[in-house]
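Residue numbers for the sequence shown follow my numbering, so the first one is 58 and each next one is one higher. Quick reminder that beta carbons are idealized off the backbone N, C-alpha and C, glycines included. Since the model is a prediction, treat every value here as computed from it, not as a measurement.
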Amino acid sequence: MLRVGIVGLGGMGRGRLRYYQQIPEARVEAVADVRAADLRQDDRLAELWEIPADQVRWFEDFRDMVAAGVVDMVDICLPTGYHRAAAVAALQNGVHALCEKPMALTLADCEAMVAAQRESGKLLMVAHCIRFWPEYQYLVDHMQSGEWGKLLSLQLVRQGPTPRGGWMEHAVHSGGAILDLHIHDLDFCQYALGLPQQVYARGGQSLGDARGYDYMHTTLDYGSGLMVSATSHWTDVSIPFVARYEARFEGAFLQMDTSKRPSLTVYRAGAAEPEVPVFNGPDAYLNEIRYFLRCIQEGQEPVRCTPVQSRHAVALSLAAAASIARGGMVPMSEFAR
Ligand SMILES: NC(=O)c1ccc[n+]([C@@H]2O[C@H](COP(=O)([O-])OP(=O)(O)OC[C@H]3O[C@@H](n4cnc5c(N)ncnc54)[C@H](O)[C@@H]3O)[C@@H](O)[C@H]2O)c1
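Now the structure itself:
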């Protein structure tokens with residue numbers, strides 16, 4: 058039984074508690090949160106514990122938790138600016154770390170995390186959920202199988218209301234939409250296609266400089282004629298959250314929209330009717346946790362999402378931001394060597 062410590066019991070941390078309830082080989086036994094004193098009194102959490110609530114170990118400082126020898130892995134759900142400190146503390150204390158995306162706010166922080174993982178010999182994975190999302194994995198599987206011929210074009214969209222009232226609306230803490238939201242699709246392109254040669258982005262800060270870029274359109278140039286772009290919005294207009302993609306292959310056209318059921322329609326060349334694949338399995342968040350646990354159990358590095366790729370995901374977002382600021386094309390070699 059793997060003993061899990063949740064670091065940061067806010068929105069994502071609470072979601073994680075529910076997922077660990079579905080995983081027999083792991084159990085949440087400890088929590089670290091600056092609000093520990095209040096949270097431990099919160100009756101709404103009672104149904105989420107797998108062990109008696111009075112046996113949950115509470116810490117205000119995540120460093121105390123990883124030094125106490127009470128957990129085998131941590132699941133880091135802290136505001137992004139703290140990811141580096143928490144992951145490095147865990148790894149240096151011999152504790153595996155699953156960490157929410159984005160890896161960190163700066164490349165220096167990402168590189169410190171990569172180095173700490175290498176030195177520790179413990180496992181680190183950044184939870185890039187789109188790499189584990191069934192509709193997106195379906196696309197990657199078919200790109201790799203070559204069943205529909207060459208991919209000609211991929212367009213990705215992700216948009217929703219700006220998270221308000223907390224650290225997320227301050228770009229200095231969250232990186233703004235380009236690092237917190239847009240990164241999902243930029244990293245997916247990296248997962249599916251590798252790193253582009255150049256990045257060209259347009260966007261702006263319509264909600265004020267402090268919120269960072271809140272709308273952006275990024276073109277990824279793979280030097281092959283393949284058309285790849287991603288568009289994201291965080292808006293103060295209360296639109297429903299949606300993620301979409303459209304992919305054109307030589308022999309098929311795919312349209313995916315997470316807000317629709319069915320979410321994916323596949324139009325194949327020569328087929329009389331479109332196909333609607335059904336995704337009834339576990340969702341991306343359960344998939345990514347299970348995958349990381351399997352890596353720990355088998356002593357294997359998480360190749361489906363490596364620390365260096367997570368560093369490059371941040372690099373892609375920063376390259377897009379640089380492109381907007383400079384008004385021109387940015388070579389990826391400047392950000393990811
Ligand atoms: N994968 C996804 O789809 C997704 C969605 C939302 C958020 N996220 C990411 O998850 C992370 C957490 O976001 P959230 O929305 O859960 O944030 P949140 O504000 O809801 O929760 C953060 C928690 O951390 C605690 N905390 C803050 N500073 C701390 C510190 N120094 N030490 C200990 N505890 C501390 C807070 O008390 C709070 O309980 C972020 O990196 C965010 O980008 C990912």
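Excluding five sequence positions before and after Arg84, the CB atoms of its chain that fall closer than 8 angstroms to its own CB belong to Met58, Leu59, Arg60, Val61, Tyr77, Glu107 and Ile108, given in chain order. Within the same chain, and ignoring the five residues on either side of Glu82 in sequence, the residues whose Cβ sits closer than 7 angstroms to its Cβ are Met58, Leu59 and Leu350.
Residue burial is scored here from C-beta neighbours: Arg383 has fewer than 16 other C-beta atoms within 10 angstroms and is therefore classed as exposed. A buried status is given to Phe189, since no fewer than 16 other beta-carbon atoms sit within 10 Å of its beta-carbon. Contact annotation: Ile133 and Cys167 have beta-carbon atoms that are not nearer than 8 angstroms. Restricted to the stretch 299–355, the alpha helix (DSSP H) segments that are unbroken, complete and at least 4 residues in length are 341–355, listed in chain order.
By the Cβ neighbour-count rule, Arg175 is exposed, with fewer than 16 other Cβ atoms within 10 Å of its own.
Not a single heavy atom of ligand 1 lies less than 7 angstroms from the C-beta of Ala125. When DSSP reads this structure, Pro388 sits in a beta bridge with Gln255.
Restricted to the stretch 179–216, the beta strand (DSSP E) segments that are unbroken, complete and at least 3 residues in length are 181–184, listed in chain order. Distances from the CA of Asp293 to each of Asp244, Pro218, Glu355 and Val256 were compared; the closest alpha carbon is that of Pro218. If the five residues before and after Val91 are omitted, its C-beta is found closer than 7 angstroms to the C-beta atoms of Glu117, all from its own chain and listed in chain order.
The bridge partners DSSP lists for Val127 come to none. DSSP places Trp106 in the coil class of the three-state scheme, outside both helix and strand. Arg101 has its Cβ no nearer than 7 angstroms to any heavy atom of ligand 1. Take the alpha-carbon of Ser286 and the one of Ser316: they are about 20 angstroms apart. Under DSSP, Phe245 takes part in no beta bridge, so it has no partner.
For Arg221, no beta strand (DSSP E) segment is defined, and its DSSP state is neither H nor E. Of all C-beta pairs linking the stretch 269–281 to the stretch 177–192, fewer than three are shorter than 8 angstroms, placing the two stretches out of contact.
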